Amino acid sequence: MGYGDVQMIDENGIRVDGRKAGDVRPISIELGVVPVADGSCRMTWGTNEVIVAVYGPMEAHPRKIQRQDRAVLDVRYNMAPFSTSDRIRPGFNRRSREISKVTSDALESVVLLELYPRSKIRVEIEIICAEAGTRCVGLTAASVALADAGIPMTDLVVSVASGKINGVVVCDLNKSEDNYGEADLPMGILPNSGELSFLQMDGDLSQEEFQEAWDYNMEAAMVIGGYCAEALKNGGYNL
Ligand code: CDP
260 MGYGDVQMID ENGIRVDGRK AGDVRPISIE LGVVPVADGS CRMTWGTNEV IVAVYGPMEA
320 HPRKIQRQDR AVLDVRYNMA PFSTSDRIRP GFNRRSREIS KVTSDALESV VLLELYPRSK
380 IRVEIEIICA EAGTRCVGLT AASVALADAG IPMTDLVVSV ASGKINGVVV CDLNKSEDNY
440 GEADLPMGIL PNSGELSFLQ MDGDLSQEEF QEAWDYNMEA AMVIGGYCAE ALKNGGYNL
């Protein structure tokens, strides 16, 4: 049986976890979960769970990493060894380095780094439980934790990955859809302006399918941006 033969959406358009094509998995957000940090956030998104802690701004060490005109963002994405069924070997690997880099780049577009020359802001993203889309959950939770730390920002970054399964474009892929689907399009969106700060693509999408996945990501980001704003106002969302 090839990957394309795994049936993931039925004749009524219902996916394996009961969602319709445009549905996002349930989300909850809790702030201040790491009391020693300057800002922190726990986000659950379907079966994904992430904790993000933010420290800073602080003096950047070693001095060679300092920038005279702005702060540097030190972002580390890590999957806990117990976060998936195959134990993850502790320490950085190629994938975690890549995700840390794209997350840092996406956050740089919203954080007002020029307010803190020669400083460092440390953002630690720890995946506790992984079920596809962890780069999206990590990036979204990181932007909320930065806001919780009181770091000046022009907007949040909300990230969602839509894609294609059995020829159908669907929103917010889960693990089996990510594994056996035909394409994956994670995007980082600024919910207030609708601007983009991050986009990756895996697999093939026609121009129409790309547009459909783009629209799903945009719509979802606006809704999730509302949850994040509510969490920042009230200390949490859907707890
Ligand atoms: O998590 P995300 O979709 O952003 O990244 P991915 O590289 O497409 O990984 C998809 C999923 O595969 C992860 O969310 C994990 O559930 C799983 N995974 C794993 O089990 N072991 C790894 N070393 C990497 C990913």
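In the working numbering, the protein residues as written are 260 to 498. Think of the CB as a built atom: it goes at the ideal place given N, C-alpha and C, for glycine as much as any other residue. Keep in mind the model is a prediction, meaning the values are calculated, not measured.
Residue from the options with nearest C-alpha to residue i
i      : options                        : result
Ala480 : Asp463, Val416, Ile273, Ala389 : Val416
Ala330 : Asp437, Ala339, His320, Asn337 : His320
Leu455 : Pro285, Glu308, Val369, Val275 : Val369
Met317 : Val382, Ile273, Tyr336         : Val382
Asp328 : Leu372, Glu308, Thr362         : Leu372
Tyr496 : Ile448, Asp461, Pro285         : Pro285
Thr362 : Thr343, Arg394, Ala339         : Arg394
Gly281 : Ser465, Phe469, Val428         : Val428
Ile324 : Ser378, Asn425, Ser402         : Ser378
Ile380 : Asn352, Val275, Ala296         : Ala296
Asn352 : Ser342, Met338, Ala365, Thr343 : Met338
Ser287 : Pro450, Glu308, Val293         : Glu308
Asp443 : Ser452, Ile424, Arg354         : Ile424
Gly291 : Thr343, Ala401, Pro376         : Ala401
Ile387 : Val311, Glu471, Val265, Gly440 : Val311
Val403 : Ile273, Gly494, Val265         : Gly494
Tyr439 : Glu468, Gly426, Lys279         : Gly426
Residue i - containing alpha helix (DSSP H), residue span
i      : result
Thr362 : 353 to 367
Tyr439 : 434 to 439
Val419 : No alpha helix (DSSP H) contains Val419, which is instead part of the beta strand (DSSP E) from 417 to 424.
Val309 : Note, Val309: premise wrong, no alpha helix (DSSP H); beta strand (DSSP E) at 307 to 318.
Exposure of residue i, with buried meaning 16 or more beta-carbon neighbours within 10 Å
i      : result
Ser421 : buried
Met260 : Confidence at Met260 is low in this model, with a pLDDT of 49, below 50, so the placement of that residue should be treated as unreliable; the coordinate-derived value is given next. Exposed is the call here.
Tyr486 : buried
Arg346 : exposed
Lys360 : exposed
Thr303 : buried
Lys492 : exposed
Ser344 : exposed
Ala490 : buried
Coil, strand or helix - residue i by DSSP
i      : result
Ala490 : helix
Asn271 : coil
Asp328 : coil
Ala339 : coil
Asp461 : strand
Ile410 : coil
Lys279 : coil
Glu390 : coil
Leu498 : coil
Leu371 : coil
Ile347 : coil
Ser452 : coil
Val265 : coil
Cβ-Cβ separation, residue j to residue i (assumed contact under 8 Å), whole Å
i      : j      : result
Leu332 : Glu367 : 6 Å
Gly397 : Gly298 : Not quite, the Cβ-Cβ distance comes to about 15 Å (not below 8 Å), so this is no contact.
Ile358 : Val419 : Actually they do not touch by this definition, with Cβ atoms about 15 Å apart.
Ala365 : Gly447 : 4 Å
Asp437 : Ala391 : 4 Å
Ser435 : Val283 : About 17 Å separates the two Cβ atoms, so there is no contact after all.
Leu374 : Pro411 : 6 Å
Tyr336 : Ile384 : 5 Å
Endpoints, beta strand (DSSP E) assigned at residue i
i      : result
Ser287 : 286 to 290
Gly298 : 298 to 304
Asp443 : 442 to 448
Val295 : Neither: Val295 is in no beta strand (DSSP E) and is coded neither H nor E.
Val427 : 427 to 429
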